[in-house]
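From first to last, the protein sequence lines stand for chains C and H. When we follow the numbering used here, the leftmost residue of the first sequence carries the number 6, and every step to the right adds one. When we follow the numbering used here, the leftmost residue of the second sequence carries the number 77, and every step to the right adds one. Step one of this worksheet: look at the structure below.
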Amino acid sequence: MKPFTFKIGGEAGFGIMSSGSSFSKLAIRSGYYIFDYAEYPSIIRGGHNVMQVTVGDEPVSAQYQNTNLLVALNQETLDLHFKELTVGSGLIYDAEKCVLPKISKGINVFAIPMNRMGKEIGNSFLLRNTVALGAAVALLGGEIQILKDLLTEEFSKRHPELVENNHRVAQAGYDYVLEHYADKIKNTLKRKTNVAAQAVVTANDALALGAIAAGLQFAAIYPMTPISNILHILAPLQEKYGFIYKQPEDEISAINMAIGASFAGARAMVATAGGGFCLMAEGYGLAGMTETPLVIVEGMRGGPATGLPTWTEQGDLRFVLHAHQGEFPRIVLAAGDVNEAFNLIMQAFNLADKYQTPVVVMVDKNLCESHQSVPPFDYANYEIDRGKFTVKKQLDYARYALSTDGVSLRSVPGVGNEVIANSDEHNAMGYSSEEAKNRVKQMEKRMQKLRTCAQKDMPEPKIIGPKNADLTILSWGSNKGAILESMKSFANVNFLHLTWMNPFPVKAVKNILEKARRVLNIECGYSAQLAGLIKQHTGYEISNHLLKYDGRPFYPEEITAKIKKVLTAKK
Amino acid sequence: MQTLNDLKTPNVCTWCPGCGNFGIWTAFKQAAVFEDWNNTNTVIVAGIGCHGHINNFIKLSSFEGLHGRPIPVASGIKMANHKLNVFVFTGDGDCLAEGGNHLIHASRRNQDITVILHDNAIYGLTTGQTSPRSSHGYKSKSTPLGNIDQPLNPLALAIAAGATFVARVYSGDLPRLTEMLVKANKHKGFAVVQVLQPCVTFNKEYSHIFFQENIYQLDEKHNIKDKRAAFAKTLEWGIKQIPVGVFYEASEPTCEEQTLQIKDKTLVEMPIKKRDIDELLKFYQ
Numbered sequence: 006m007k008p009f010t011f012k013i014g015g016e017a018g019f020g021i022m023s024s025g026s027s028f029s030k031l032a033i034r035s036g037y038y039i040f041d042y043a044e045y046p047s048i049i050r051g052g053h054n055v056m057q058v059t060v061g062d063e064p065v066s067a068q069y070q071n072t073n074l075l076v077a078l079n080q081e082t083l084d085l086h087f088k089e090l091t092v093g094s095g096l097i098y099d100a101e102k103c104v105l106p107k108i109s110k111g112i113n114v115f116a117i118p119m120n121r122m123g124k125e126i127g128n129s130f131l132l133r134n135t136v137a138l139g140a141a142v143a144l145l146g147g148e149i150q151i152l153k154d155l156l157t158e159e160f161s162k163r164h165p166e167l168v169e170n171n172h173r174v175a176q177a178g179y180d181y182v183l184e185h186y187a188d189k190i191k192n193t194l195k196r197k198t199n200v201a202a203q204a205v206v207t208a209n210d211a212l213a214l215g216a217i218a219a220g221l222q223f224a225a226i227y228p229m230t231p232i233s234n235i236l237h238i239l240a241p242l243q244e245k246y247g248f249i250y251k252q253p254e255d256e257i258s259a260i261n262m263a264i265g266a267s268f269a270g271a272r273a274m275v276a277t278a279g280g281g282f283c284l285m286a287e288g289y290g291l292a293g294m295t296e297t298p299l300v301i302v303e304g305m306r307g308g309p310a311t312g313l314p315t316w317t318e319q320g321d322l323r324f325v326l327h328a329h330q331g332e333f334p335r336i337v338l339a340a341g342d343v344n345e346a347f348n349l350i351m352q353a354f355n356l357a358d359k360y361q362t363p364v365v366v367m368v369d370k371n372l373c374e375s376h377q378s379v380p381p382f383d384y385a386n387y388e389i390d391r392g393k394f395t396v397k398k399q400l401d402y403a404r405y406a407l408s409t410d411g412v413s414l415r416s417v418p419g420v421g422n423e424v425i426a427n428s429d430e431h432n433a434m435g436y437s438s439e440e441a442k443n444r445v446k447q448m449e450k451r452m453q454k455l456r457t458c459a460q461k462d463m464p465e466p467k468i469i470g471p472k473n474a475d476l477t478i479l480s481w482g483s484n485k486g487a488i489l490e491s492m493k494s495f496a497n498v499n500f501l502h503l504t505w506m507n508p509f510p511v512k513a514v515k516n517i518l519e520k521a522r523r524v525l526n527i528e529c530g531y532s533a534q535l536a537g538l539i540k541q542h543t544g545y546e547i548s549n550h551l552l553k554y555d556g557r558p559f560y561p562e563e564i565t566a567k568i569k570k571v572l573t574a575k576k
Numbered sequence: 077m078q079t080l081n082d083l084k085t086p087n088v089c090t091w092c093p094g095c096g097n098f099g100i101w102t103a104f105k106q107a108a109v110f111e112d113w114n115n116t117n118t119v120i121v122a123g124i125g126c127h128g129h130i131n132n133f134i135k136l137s138s139f140e141g142l143h144g145r146p147i148p149v150a151s152g153i154k155m156a157n158h159k160l161n162v163f164v165f166t167g168d169g170d171c172l173a174e175g176g177n178h179l180i181h182a183s184r185r186n187q188d189i190t191v192i193l194h195d196n197a198i199y200g201l202t203t204g205q206t207s208p209r210s211s212h213g214y215k216s217k218s219t220p221l222g223n224i225d226q227p228l229n230p231l232a233l234a235i236a237a238g239a240t241f242v243a244r245v246y247s248g249d250l251p252r253l254t255e256m257l258v259k260a261n262k263h264k265g266f267a268v269v270q271v272l273q274p275c276v277t278f279n280k281e282y283s284h285i286f287f288q289e290n291i292y293q294l295d296e297k298h299n300i301k302d303k304r305a306a307f308a309k310t311l312e313w314g315i316k317q318i319p320v321g322v323f324y325e326a327s328e329p330t331c332e333e334q335t336l337q338i339k340d341k342t343l344v345e346m347p348i349k350k351r352d353i354d355e356l357l358k359f360y361q
């Protein structure tokens, strides 16, 4: 089947997100793959919320522009989204509450009195979303029992009194369709047997779970969209798994606390959005100068300033690569999907320990908050590597002793060694020193770590798709998903997806781009920062760009249109 | 048992002759010898300012951080290894201007940390600008027409924010300063010790003589458990009217005591290992 997109919209407070999540899990348990995506404003009540879930027989990696079944819980959803409906798609709305706009031919309209049914059968208008879910299950040929199980799981712990009413309204919505629209029922969610286990996760989930698996001991995170869910996951698990999550007074404190904890020997992380990272800029270089391992998650959203708090963008690449005065080694990685987020954060903890320097894992809002179905994460081969590290008393210990790979033996306070971390330039012991020769040696020692890392740990970037292609797409971050979806329509397009931003795989990228027939750079940002980075490193100038900075992620439809344009244009 | 000599580093001290920092340095080392604060049990954290060089002059594990940020670094160290004695050396610019927010919130956290506030009411290292502690009307390079802002009251602030040990000492009174540092360290909770010190080079108002003539010792008539009385004492400042001693002490649960996952062992004592998250993954299926 072609990817099928279900979308539900209404006012904030209507339970849009929970309905969307239930639909995602419903699809998974019926044996399908999903990708879901939510849009919401930076307010708690009253704004327009939508969540869309794309379902497929095969893995799905992006949100689509077109909608196949739209549930409009209010007039605004109808007005804003009915144009996304294509021929053969369906619309569920409440004819007693909303006025139908002029709908084009070939769209199936299902008028279901969701508000009245919620009130009469479930004793509350608020159950309208559950009526809708029941109706959607029926229209898509799904099993109502799976939905009821999900509702039980959702409500039994916190509001057990609501389980029964939710079951009744879900069944009522289901029955309403059987009674009135039996001829329109499809097999989209028909339950499959023998399906492999799938987890429905966001990059925030992946980052939090990956950090826990990698032995996280300390996290200080100040709430900020789009990474707040990382702390929501970590905070309740800290006692059970034996780590500390601390809410700090600001991001400056967050990064300094994490540096302190790491200095004392703990595996430590912070997570923030671009705005919070502005406050962390001074701590970022402090970790570099004091050679303190630190993992930083940087979640991009629309900037500058408060910008578009709940929307996506990739405008922070250059910022993360250059933030802070002076020069220090920083390892900057960027995830393109939930698996990469999981694997990169686990690797980030090892890299931070091995190179005793900050490691940033960049993600974007679209990745942070969109769910993707993936096989449960595989971390069987992961091994914790703390690098040159000792908790034993050393003879003549010197924290910043020179070494050929740039890494010195790290120890921690409390084990008998005099362990000095110093934000001033320092000598091998760690004492402040402004002597010229020493400065040069310590600077070179620190910067050598990047070269060592590039040699030992940086993988070659891989080309996705056919080796021989008429067009090579270049991109990073969550664009990967929409690009992969779009590539399903082309046999002559391949894709260079980059995850290592610093150190940078200069030779490999140069080689690939110079051999490519045509190159198209795709980025969610105004200035094509990745293309600039590539020009800086390789001298290669990319002339085709697809750039977007309206806060919305790329849709496969947009990429497909651009590919066609580039392929037909004269070279 | 260590001696003063064991705390000696190869570095030459760079403070101006007569600087109040010498008193703090000497008293701290003396206390370290008495209490056996050494590299198996103690870490010192410093900010930036003249005080911040102190890590170069005491042979103990140390973290010299950024201007204004020693307190959150100390907070992180303490959460990771609460068995360490954690001392913060900070100045009035470091702690009350750049890092004011951290003093407030660290007071709320009530971690078992001792903050030693080097208060000379001036920016020394940047060659003499008005600080949050400079008096009203004070003339300096940054306030040539006189300071139009009021000086900050760090002890009232600390008490209001939740610090559980709040004291003031004069840097020239070595026996009392030594004793106070020991007392503050023994207190279970967030301790703030304001050390009145002259800046002999840039602050001609608060000299050794000024402090010697105008401080008085708080005696047993002052009830250190009485928060209102403590607030009242923090409001006193003037000729013959500068109280020194313990203003306030309270017994409140510390951050460490309330963090159940470190009840038996410190974070860093628990072996770091790959964790099994299969059970967590089930929640997402």
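Backbone N, C-alpha and C fix where the C-beta goes; we use that ideal spot for every residue, glycine too.
Do residue j and residue i have their beta-carbon atoms positioned less than 8 Å apart in this structure?
i: Phe-115 of chain C; j: Tyr-45 of chain C; result: no
i: Asp-390 of chain C; j: Asp-358 of chain C; result: yes
i: Phe-163 of chain H; j: Ile-124 of chain H; result: no
i: Ala-213 of chain C; j: Pro-380 of chain C; result: no
i: Val-320 of chain H; j: Gly-94 of chain H; result: no
i: Lys-454 of chain C; j: Tyr-545 of chain C; result: no
i: Ile-120 of chain H; j: Phe-165 of chain H; result: yes
i: Glu-254 of chain C; j: His-178 of chain H; result: yes
i: Ile-260 of chain C; j: Gly-288 of chain C; result: yes
i: Ser-66 of chain C; j: Gly-486 of chain C; result: yes
Could you please give me the residues that DSSP links to residue i through a beta bridge?
i: Gly-95 of chain C; result: C:Leu-74, C:Asn-113
i: Trp-481 of chain C; result: C:Leu-503
i: Ser-138 of chain H; result: C:Ile-425, H:Ile-120
i: Glu-303 of chain C; result: C:Thr-277, C:Met-367
i: Asp-195 of chain H; result: H:Leu-272
i: Asp-321 of chain C; result: In the DSSP output, where bridge partners are listed per residue, Asp-321 of chain C has none listed.
i: Lys-437 of chain C; result: Reading the sequence as shown, one finds Ser at residue 437 of chain C and not Lys. Partner(s): C:His-431.
i: His-212 of chain H; result: Per DSSP, none; premise fails for His-212 of chain H.
i: Gln-57 of chain C; result: C:Lys-12, C:Tyr-42
i: Arg-415 of chain C; result: C:Phe-394
i: Asn-579 of chain C; result: Residue 579 of chain C is absent from the structure shown; chain C starts at 6 and stops at 576.
i: Thr-166 of chain H; result: H:Leu-193
Report back the beta-carbon spacing between residue i and residue j to the nearest angstrom; my notes put them in contact at under 8 Å.
i: Val-104 of chain C; j: Gly-123 of chain C; result: So it is not a contact: roughly 20 Å between Cβ atoms.
i: Gly-15 of chain C; j: Asn-73 of chain C; result: In fact, because the Cβ distance is near 18 Å, the residues do not count as touching under 8 Å.
i: Leu-8 of chain C; j: Gly-61 of chain C; result: Residue 8 of chain C is actually Pro in this sequence, not Leu. So it is a contact: roughly 5 Å between Cβ atoms.
i: Val-271 of chain H; j: Val-245 of chain H; result: 5 Å
i: Lys-12 of chain C; j: Val-76 of chain C; result: 7 Å
So which of the options has the shortest CA-CA distance to residue i?
i: Arg-351 of chain H; options: C:Ile-249, C:Gly-215, C:Pro-298; result: C:Gly-215
i: Thr-295 of chain C; options: H:Phe-139, H:Gly-96, H:Lys-84, H:Gln-106; result: H:Phe-139
i: Asn-134 of chain C; options: C:Met-119, C:Thr-311, C:Leu-144, C:Ile-126; result: C:Met-119
i: Gly-51 of chain C; options: C:Gly-61, C:Asn-79, C:Arg-404, C:Phe-40; result: C:Asn-79
i: Ala-108 of chain H; options: H:His-194, H:Ser-151, H:Ala-236, H:Ala-260; result: H:Ala-260
i: Tyr-42 of chain C; options: C:Val-58, C:Lys-30, C:Gly-281, C:Ile-49; result: C:Val-58
i: Gly-482 of chain C; options: C:Arg-415, C:Leu-407, C:Glu-303, C:Pro-510; result: C:Glu-303
i: Lys-467 of chain C; options: C:Cys-529, C:Ser-491, C:Trp-505; result: C:Trp-505
i: Ser-542 of chain C; options: C:Arg-523, C:Cys-283, C:Lys-515; result: It is His, not Ser, that sits at residue 542 of chain C in the sequence shown. For the residues C:Arg-523, C:Cys-283, C:Lys-515, the minimum Cα distance to His-542 of chain C belongs to C:Lys-515.
i: Leu-183 of chain C; options: C:Ala-143, C:Lys-567, C:Gly-279; result: C:Ala-143
Beta carbon of residue i: closer than 7 Å to some heavy atom of the ligand ATP?
i: Glu-44 of chain C; result: In the structure on display, the ligand ATP does not appear, and there are no ligands present to speak of.
Which term fits residue i, buried or exposed, when burial requires 16 or more other beta carbons within 10 angstroms of its beta carbon?
i: Ile-564 of chain C; result: buried
i: Pro-165 of chain C; result: exposed
i: Ala-441 of chain C; result: exposed
i: Ile-226 of chain C; result: buried
i: Glu-174 of chain H; result: buried
i: Val-92 of chain C; result: exposed
i: Ile-257 of chain C; result: buried
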